[in-house]
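Basically our numbering = 1-based index in the sequence shown + 3. Worksheet: one structure, shown below.
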Amino acid sequence: MAFWRPLDEAASHAYNGAGNWGQSPRFEPWAKEVRMPRAKITRREFVRDTAVATAAVATAAKMARAAEPDKSKILNYNENMLYRRCGKTNLMVSAVCLGGHWKRINEVVKNAFQGGNWLAVDPKNPDFLANRTEIVSRCIDVGINYIDACTHKETLAYSHALKGRRDKMYLGYSWYEHEMRNGQFRTTEALLKSLDEGMKLCGLDYVDLWRITLHERSSQHTDAEIEQMAKALETAKKQGKARFTGFSSHDRPHIKKIIETYPSVVDAIVTPYTAKTKEAPQDSLFDALRKHDVGFFGIKPFASGSLFKAGGAPAGPEAEEDDRRARLAIRYILCNPVITAPIPGMITTHQVDNVALAVKESKEKKELTRAEIRELQAAMDDAWACLPEDYQWLKDWEVV
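Structure (structure tokens):
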């Protein structure tokens with residue numbers, strides 16, 4: 004099977020297949036290419052072989068050109084942004100997207116929270132709405148073309164921010180409070196009713212991706228409940244309410260099972276992927292993603308802020324280093340071609356500019372250097388040491 008080696012070749016050899024990194028073997032600069040003696044060839048053979056080689060190169064070049072996406076068909080195209088095919092949706096999605104969460108927004112919007120955390124935001128707070136609109140506008144400016152919203156307040160806020168601009172961004176939709184995590188919404192009928200109600204409240208005629216939110220450990224759902232979900236997704240597609248469909252879960256074996264059982268309705272998934280994540284050499288989730296051509300939006304790219312020295316605070320003496328850590332993490336994640344895009348939540352335009360810069364650096368540099376790899380590994384070791392108790396489960400996502 005294909006085993007993804009995420010960074011530069013020499014460094015990736017250090018990965019031992021068990022989620023550990025050892026001493027990287029060194030390429031010896033004095034090594035010489037050994038050439039085997041070859042028999043003399045006739046002029047006719049030379050002309051023949053040269054013609055074949057030239058034709059092969061021309062064919063390869065033609066195929067490469069054919070594989071290049073038509074820029075005129077990429078939503079909100081920006082030459083500094085990379086775009087990746089999102090599985091069988093065939094949508095060309097920006098290589099970094101806007102995650103719906105707005106953790107720590109209270110640090111830039113006073114009185115944003117009505118309660119103790121980001122879920123308790125006041126969705127009618129004019130300063131909050133102005134912030135979301137500003138963030139969406141900056142995303143559009145830098146070529147980002149997908150928003151992932153998974154709570155009711157997120158769907159309301161981003162629908163408001165996108166009003167009159169749906170031609171600039173795709174919208175991933177989930178009203179998790181009225182989906183499978185709620186026992187009252189585990190039938191096809193209830194899920195479709197929730198979608199109708201949610202779209203009406205948001206002023207939407209359709210969603211680009213309906214990605215139902217399952218329990219984090221989605222294997223807690225019965226097979227019958229998952230079948231009901233699959234029927235709801237299929238129906239929403241047929242009715243034109245959802246262009247594409249999928250789900251989110253933190254349960255890798257169960258994610259793989261759902262993809263393999265219902266490949267026609269799983270166009271994309273939303274699940275964790277960090278700068279510690281590597282592909283397992285055998286029985287990887289990525290095997291199913293490749294086989295069934297499924298898009299992958301990666302949540303927790305910054306380990307819920309644990310990657311940052313300032314914990315994700317938008318300003319402070321360590322902001323410059325935190326910006327660099329964020330860019331290294333994004334670049335690492337983009338080394339995996341199966342990933343459609345990481346989807347960090349962002350609360351300032353500077354954060355948007357920084358992740359866009361990470362993509363630009365990825366275009367220019369392609370791979371991380373050995374020094375950057377060591378720097379990122381040290382930063383992620385710090386992140387793992389700082390993970391809060393309720394995020395210790397993220398360590399299970401080192402080998403996927």
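Beta carbons are placed, not taken as given, at the ideal position from N, Cα and C, and that holds for glycine.
Check, Outcome
"Answer with buried or exposed for VAL55, where buried requires no fewer than 16 other C-beta atoms within 10 angstroms of its C-beta.", "The predicted position of VAL55 is uncertain, since its pLDDT is 41 and thus under 50; no value can be drawn from it."
"Applying the criterion that 16 or more other CB atoms from any shown protein chain within 10 Å of the CB defines a buried residue, is LEU204 buried or exposed?", "exposed"
"My output table needs one value for ASP211: the three-state DSSP class, helix, strand or coil.", "strand"
"Where does ARG255 land, buried or exposed, given buried means 16+ other C-beta within 10 angstroms?", "buried"
"As a quick exercise: from LEU379, ASP326, TRP213 and SER251, pick the residue whose alpha carbon is nearest that of ALA359.", "ASP326"
"Under 8 Å between the Cβ atoms of ARG261 and ILE302?", "Just to set this straight, residue 261 is Ile in the shown sequence, not Arg. No; because the gap between Cβ atoms is not below 8 Å, this pair is not in contact."
"Given ASN294, which residues of its chain have a CB within under 7 Å of its CB, disregarding the five upstream and five downstream residues?", "The question names Asn, but residue 294 in the sequence shown is Lys. Counting only Cβ-Cβ distances below 7 Å, and skipping sequence neighbours, we find nothing."
"Quick check: the segment 124-136 against the segment 369-376, are there 3 or more CB pairs under 8 Å?", "no"
"By Cβ distance below 8 Å, which residues in the same chain neighbour LYS366 in space, the five residues on each side in sequence not counted?", "ASN83 and LEU85"
"Who are MET95's beta bridge partners in DSSP?", "ARG88"
"Determine whether the beta carbon atoms of VAL405 and ALA329 lie at a separation below 8 Å.", "This structure cannot settle anything about residue 405, because the visible part of the chain is limited to 4 through 403."
"Rounded to a whole number of angstroms, what is the C-alpha to C-alpha distance between ALA64 and GLY90?", "Summary for ALA64: the model assigns pLDDT 36, below 50, so the residue's position carries little reliability; its value from the coordinates is reported in the next sentence. Approximately 23 Å, taken between the alpha carbons."
"Which of helix, strand or coil does DSSP assign to ILE147?", "coil"
"Count the other C-beta atoms from every protein chain shown that fall within 10 angstroms of the C-beta of HIS353, then say buried if there are 16 or more, exposed otherwise.", "exposed"
"Does DSSP classify SER162 as helix, strand or coil?", "helix"
"Straight-line CA distance for HIS104 to MET349?", "8 Å"
"Cutting at 7 Å between CB atoms, please list the residues of its own chain near GLU401, excluding the five before and the five after it.", "GLY22, LYS279, THR280 and LYS281"
"Rank GLU228, ALA235 and PRO275 by C-alpha distance to the C-alpha of SER251 and give the top, closest one.", "PRO275"
"Would you say ARG168 and ILE143 are within 8 Å of each other, going by their C-beta atoms?", "yes"
"Determine the direct distance from the alpha carbon of GLU375 to that of LYS196, and round the result to whole angstroms.", "49 Å"
"On the DSSP letters alone, give me the boundaries of the beta strand (DSSP E) that PRO256 sits inside.", "Counting along the chain, PRO256 falls outside any beta strand (DSSP E), though it belongs to the alpha helix (DSSP H) covering 255-264."
"According to DSSP, is PRO345 helix, strand or coil?", "strand"
"Select from HIS253, LYS312, GLY206 and ALA283 the residue whose C-alpha is nearest the C-alpha of PHE300.", "HIS253"
"Which term fits ARG107, buried or exposed, when burial requires 16 or more other beta carbons within 10 angstroms of its beta carbon?", "buried"
"Since SER251 sits in a beta bridge, which residues does DSSP pair it with?", "THR216 and VAL273"
"Grab me the residues of GLU228's own chain with a C-beta within less than 6 Å of its C-beta, minus the 5 sequence neighbours each way, in chain order.", "ARG189"
"Given that a residue counts as buried once 16 or more other Cβ atoms are within 10 Å of its Cβ, and exposed if not, what is ASP270?", "buried"
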